Amino acid sequence: MSNDSFTLTYPAEIVFEPGGALKLAGKLTRFQRILLVPGTHFAKTESYREIVRSLSDYELHAESGIQSEPPLEDVDRLAAAGRRFRAEAVIAIGGGSVIDCAKAAAALIPLEGSCADYFSGQREIPGKGLFFAALPTTSGTGAEITNNAVLTDTATRIKKSLRHPSMTADLALVDPLLTMSCPPSLTAASGLDAFVQAFESCTSPKASAATRALAHAAVRKIYGSLEPACTNGSDRTARSDMAEGSLLSAMAFSQTGLGAIHGLAHPIGSLLHVPHGKACAILIPSMVSWNMSACADEYAAIAREGGLGGTAEDFLDACLALCRKLGIPAGFSEYGLNESHFDFIVKNCRSASMKLNPRPMSDDDVRALLGKLV
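Heads up: the sequence shown begins at 1325 in this note's numbering, then just goes up one per residue.
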């Protein structure tokens, strides 16, 4: 049942425009000193060099080298660089890890203490940090829309969100042309992440008519364009549809939360070093099957509105077909998952995402599901 009342909170400005990245300079006229945070791969592209040239009227300092599943130390490094440079704004141009890391740094640059202090709850983020703009170079994570940064404490191997309402970007600029250099494997993983975010948003108890409309549109866009984008990365129509679908998915799940796929993907990813999108993709068939008894009507609605058929079984079949086409493995055997890992995963999966799953999962349920994915 949809919520009768709801509040939607987004970045102050959301721009979707092919070529829009080259108009970024016009959005920054209140500032002079800009900390640029590009993804390591994207920083080597001509697209990045064009963006830098378009910002020639500003004083720039670039920091790259952000790791996947970013550790707290990367946030501290960015924050320290921003303080030394006396940055007035932070611009992230990269995938979800880059955006999350820069987002956290923008919040912490004006503050004292390390990222670990805020990640652990010893300190609280008091309010708005520096102006922050996010330009995604992948279509998947939705980090440009959310008010959280998914980070990893490498000492404890705990991966969770640093979250505060003020961490929402001031500007989310989605330019599909920035995704053209994204390799097929990352296109598939990030795209399946966006697909999961869309359908998990629909089954959340926080879902509303507004968020379902966004999520259904996202499913239709992503399902029809992900395989073509992986097969031919220069297909501008597929890239544009993927970028739009990812944005719509983020606009839905950022308001509703997610489900057990994301709840489980975080500890599995941090423990076994599985890329987040791939971890989500591997979990799709098992979790959709598990949730079927609790949300068959919602899955049927997703199938109808997403152009995948008319029944819950059609939705499951579509998920299986998409994973098969994109070469997603049936389990985590290549990453070495075994029973010795189950305790850690069970202990660290109890996030808000697990609480929002349509069908509750006990510790024994989690263990049984993991046993099928070894």
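Positions of the beta carbon are idealized from the N, C-alpha and C atoms, including for glycine. The model shown is predicted, which means the values in this text are computed figures rather than measured ones.
- Scanning its chain for C-beta atoms nearer than 6 Å, with the 5 sequence neighbours on each side dropped, one finds around C1673 the residues G1587, L1588, P1591, in chain order.
- The criterion of a C-beta distance shorter than 9 Å is not satisfied by I1669 and A1605.
- When rounded, the separation of the alpha-carbon atoms in Q1356 and E1412 is 7 Å.
- Under the 10 Å beta carbon count, Q1579 is surrounded by 16 or more other beta carbons and is classified as buried.
- With contacts defined by Cβ atoms closer than 9 Å, I1585 and E1524 form a contacting pair.
- The C-beta separation of V1414 from F1443 comes to about 18 Å, leaving the pair out of contact by the 8 Å criterion.
- In the DSSP assignment, P1609 falls within the unbroken alpha helix (DSSP H) covering 1600-1629.
- Annotation for F1340: V1498, E1568, L1571 place their beta carbon closer than 7 Å to its own, counting only its chain and skipping 5 residues before and after.
- Take the alpha-carbon of K1452 and the one of P1609: they are about 40 Å apart.
- In the DSSP assignment, N1672 falls within the unbroken alpha helix (DSSP H) covering 1666-1672.
- Three or more pairs of CB atoms, one per stretch, sit closer than 8 Å, so the region 1499-1515 contacts the region 1544-1556.
- Rounded to the nearest angstrom, the Cβ distance from P1335 to D1517 is 20 Å, too far for a contact under 8 Å.
- At a cut-off of 3 residues, not a single continuous stretch assigned as beta strand (DSSP E) sits fully inside the region 1415-1451.
- Assigned with DSSP and collapsed to three states, D1477 falls in strand.
- Around A1458, the same chain offers A1416, I1423, E1468, A1493, A1496 as residues with beta carbons nearer than 6 Å, after the five sequence neighbours per side are excluded.
- In the DSSP assignment, F1409 falls within the alpha helix (DSSP H) that extends over 1396-1409.
- For A1457, DSSP records a beta bridge to I1415, L1495.
- In the assembly as shown, R1544 is a buried residue. Its beta-carbon has 16 or more other beta-carbons within 10 Å.
- Under the DSSP assignment, R1487 falls in the beta strand (DSSP E) whose first and last residues are 1482-1487.
- DSSP places L1384 inside the beta strand (DSSP E), whose first and last residues are 1383-1386.
- Look at the beta carbons and you see the region 1346-1363 touching the region 1379-1388: at least three pairs across the two are nearer than 8 Å.
- 9 Å or more divides the Cβ of E1383 from the Cβ of S1421.
- Under the three-state reduction of DSSP, I1358 is assigned to strand.
- Taking 9 Å as the cut-off, the Cβ atoms of P1529 and L1332 do not count as close.
- Cβ atoms of A1618 and R1683 come within 8 Å of each other, at about 4 Å.
- When the Cα atoms are used, F1366 and S1505 turn out to be separated by approximately 8 Å.
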